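Engineer: Numbering (this note's numbering), first residue to last: 313 to 778.
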């Protein structure tokens, strides 16, 4: 590849829907298409294209024959290289439910075992080389959704899971097209993160003020191309951050940690805060003015957070007084101790992290009745998180995410709220459903969680896609 090659998107498999390609053509973006129905040598060329600095993102559709190829000895090395390359590049992997889910999981979604999505499996817009390869393997493509062995499914799904790839199971062409188009739009605009704050969540009112300060700080420290967008619904607010320079090293979370430290320095050690700004090219006089202004706003925000926390603490304490009366040996002081442990701190990080799902071990050792801890935890978490009005299935799903979500917890929690919020953008609700399907399927495959069938049915029927 030449050094003057333009940046491009890479489509792997039959993923170039009309809506996706139209979106790219209208913006003037370049895209290439490759197929996995080819020899390992071609997979190596695909890996080279993924790892190229000109590759802006990759959309992949994996079919039954791709899963089977990945389990063949001659493709073992190429498969590892391909998936490893995807892990280091912005990507989305779309897999039909008939391939990704087990029969039991599909039954939980109310999908008849013999139902198949009849798609056009002959891709359009192929190069002569790819068309010849496709024709040579056409027999394998005549029924792309015929039964796949459990061993093959489990092996490839584990490979995807181990690399923490962004997998979206889909059922229909429409669903696949919506998810692919949404990914391309977010990628073109360099989405850094999307964060949903329910209107009833503790510190929800302060989130807008804090993130506004964060955006201003980014501009003051040389990151002016990071911009904030979003929208509000009756149920909550969605915050979005985009960057004109692509994904920053360490992610936006690194910036937020630095910002939180800067706010603290503005109040506690103004000279250190000013030195940070000067190091980023701000004039000394201007730095002093900026630090003074941030210190004032930080104190105001800190006071607002402190008062909001005290108000919620008092409200919860009153709600829990009946439990105190019913459990021998408990006092109001016991309730206050548990609430103080569970409520996030009145600080910038507390706005982002939400409630502490599990009180520390010290609260349960020779101190409090386990009955009290169990009864209090659920209601307090729902109150703090703003999920009191959610249905039982959504609450159970959030509990599973808190326990097993790991690095994806924030993304998965946002997905639940988007799925529940009828005012959220339709495309994002469809992608949220796919993300949650994959999460529940992974839990089931690992034998984790309980009541997954009910939750799988809930996720499937929450919104309709035709």
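For glycine and all other residues, C-beta sits at the position ideal for the given N, C-alpha and C. Computed from a predicted model, the values in this text were never measured in an experiment.
Quick one: any contact between the region 357–377 and the region 388–402, if contact means 3 or more CB pairs under 8 Å?
Structural biologist: A contact exists between the region 357–377 and the region 388–402.
Engineer: Mind checking residue 543: buried by the 16 CB within 10 Å criterion, or exposed?
Structural biologist: Result: exposed.
Engineer: In the structure shown, what three-state DSSP assignment does residue 515 receive?
Structural biologist: Three-state result, residue 515: coil.
Engineer: Between the C-alpha atoms of residue 539 and residue 701, what's the straight-line distance to the nearest angstrom?
Structural biologist: Between residue 539 and residue 701, the C-alpha separation is close to 32 Å.
Engineer: For residue 698 and residue 510, which I take to be in contact (beta-carbon distance under 8 Å), what is that distance rounded to the nearest angstrom?
Structural biologist: Indeed, because the Cβ distance is near 3 Å, the residues count as touching under 8 Å.
Engineer: Check whether the Cβ atoms of residue 769 and residue 410 lie closer than 8 Å to each other.
Structural biologist: For residue 769 and residue 410, no; Cβs fall outside 8 Å.
Engineer: How is residue 541 classed by DSSP in three states: helix, strand or coil?
Structural biologist: Reduced to three states, the DSSP call for residue 541 is strand.
Engineer: Since I believe residue 745 is in contact with residue 775 (beta carbons under 8 Å), could you give me their beta-carbon distance rounded to a whole number of angstroms?
Structural biologist: Their Cβ separation, rounded to whole angstroms, is 6 Å, which keeps residue 775 and residue 745 in contact under 8 Å.
Engineer: Just to confirm, is the Cβ distance from residue 342 to residue 318 under 8 Å?
Structural biologist: Closer than 8 Å, so yes.
Engineer: Which of the three DSSP states, helix, strand or coil, is assigned to residue 493?
Structural biologist: Three-state result, residue 493: helix.
Engineer: How big is the Cα-Cα spacing for residue 545 and residue 491?
Structural biologist: Distance between the alpha carbons of residue 545 and residue 491 is about 22 Å.
Engineer: With DSSP collapsed to three states, give me the class of residue 322.
Structural biologist: Residue state, collapsed to three classes: strand.
Engineer: Does residue 350 pass the burial test, meaning 16 or more other C-beta atoms within 10 Å, or should it be called exposed?
Structural biologist: The residue is buried, with at least 16 neighbouring Cβ atoms inside 10 Å.
Engineer: Apply the 10 Å Cβ neighbour rule to residue 749 and answer buried if 16 or more other Cβ atoms are within range, or exposed otherwise.
Structural biologist: The residue is buried, with at least 16 neighbouring Cβ atoms inside 10 Å.
Engineer: So for residue 552, helix, strand or coil by DSSP?
Structural biologist: Three-state result, residue 552: strand.
Engineer: Note down the Cα distance separating residue 496 from residue 320, rounded to an integer number of angstroms.
Structural biologist: The alpha-carbon atoms of residue 496 and residue 320 are separated by roughly 11 Å.
Engineer: Under 8 Å between the Cβ atoms of residue 530 and residue 482?
Structural biologist: In this structure, residue 482 does not lie closer than 8 Å to residue 530 by Cβ.
Engineer: For residue 727, which residues from the same chain have a beta carbon less than 7 Å from its beta carbon, with the 5 sequence-adjacent residues on both sides left out?
Structural biologist: These residues qualify, in order along the chain: 744, 747, 748.
Engineer: Considering only the alpha carbon of each residue, which of 398, 406, 506 lies closest to residue 664?
Structural biologist: Closest option to residue 664, Cα to Cα, is 506.
Engineer: Please list the terminal residues of the continuous alpha helix (DSSP H) segment that includes residue 335.
Structural biologist: Here the alpha helix (DSSP H) through residue 335 covers 330–339.
Engineer: Please classify residue 483: does DSSP put it in a helix, a strand, or coil?
Structural biologist: It is coil, neither helix nor strand.
Engineer: Less than 8 Å separating the beta-carbons of residue 696 and residue 724?
Structural biologist: Result no, Cβ atoms of residue 696 and residue 724 do not sit closer than 8 Å.
Engineer: Quick check: the Cα distance between residue 555 and residue 373, rounded to an integer number of angstroms?
Structural biologist: Their backbone Cα atoms lie some 27 Å apart in a straight line.
Engineer: Buried or exposed for residue 385, please, with buried defined as at least 16 other CB atoms from any protein chain shown within 10 angstroms of its CB.
Structural biologist: Per the 10 Å Cβ criterion, exposed.
Engineer: Distance, Cα to Cα, residue 614 vs residue 658?
Structural biologist: So the two alpha carbons sit approximately 7 Å from each other.
Engineer: So, with DSSP's three-state summary, where would you put residue 368?
Structural biologist: Three-state DSSP puts residue 368 in a strand.
Engineer: Tell me, to the nearest whole angstrom, how far the beta carbon of residue 760 is from that of residue 716; I am working on the premise that it is less than 8 Å.
Structural biologist: With 8 Å as the limit, residue 760 and residue 716 qualify as a contact, their Cβ atoms being about 6 Å apart.
Engineer: By the three-class DSSP mapping on this structure, what secondary structure does residue 475 have?
Structural biologist: Residue state, collapsed to three classes: coil.
Engineer: Pull up the distance between the alpha-carbon of residue 399 and that of residue 520, whole angstroms please.
Structural biologist: Whole-angstrom Cα-Cα distance: 32 Å.
Engineer: If you count every other CB in all the chains shown that lies within 10 Å of the CB of residue 612, and 16 or more means buried, which is it?
Structural biologist: Per the 10 Å Cβ criterion, exposed.
Engineer: Run the CB neighbour count on residue 402, radius 10 Å, all protein chains shown included, and call it buried at 16 or more, exposed below.
Structural biologist: Buried: at least 16 other Cβ atoms inside 10 Å.
Engineer: Within its chain, find whatever has a CB closer than 6 Å to the CB of residue 305; leave out the 5 residues flanking it on each side and keep chain order.
Structural biologist: No statement about residue 305 is possible, as the shown extent of the chain runs from 313 to 778 and does not include it.
Engineer: Rounded to whole angstroms, what is the Cα-Cα separation between residue 597 and residue 395?
Structural biologist: Between residue 597 and residue 395, the C-alpha separation is close to 51 Å.
Engineer: Give a yes or no on whether the C-beta atoms belonging to residue 753 and residue 413 are separated by under 8 Å.
Structural biologist: A contact, by the Cβ cut-off of 8 Å.
Engineer: Which residues share a DSSP beta bridge with residue 407?
Structural biologist: Its beta-bridge partners are 374, 481.
Engineer: By a C-beta neighbour count over all protein chains shown, 10 Å radius and 16 as the cutoff for buried, is residue 626 buried or exposed?
Structural biologist: Exposed: under 16 other Cβ atoms inside 10 Å.
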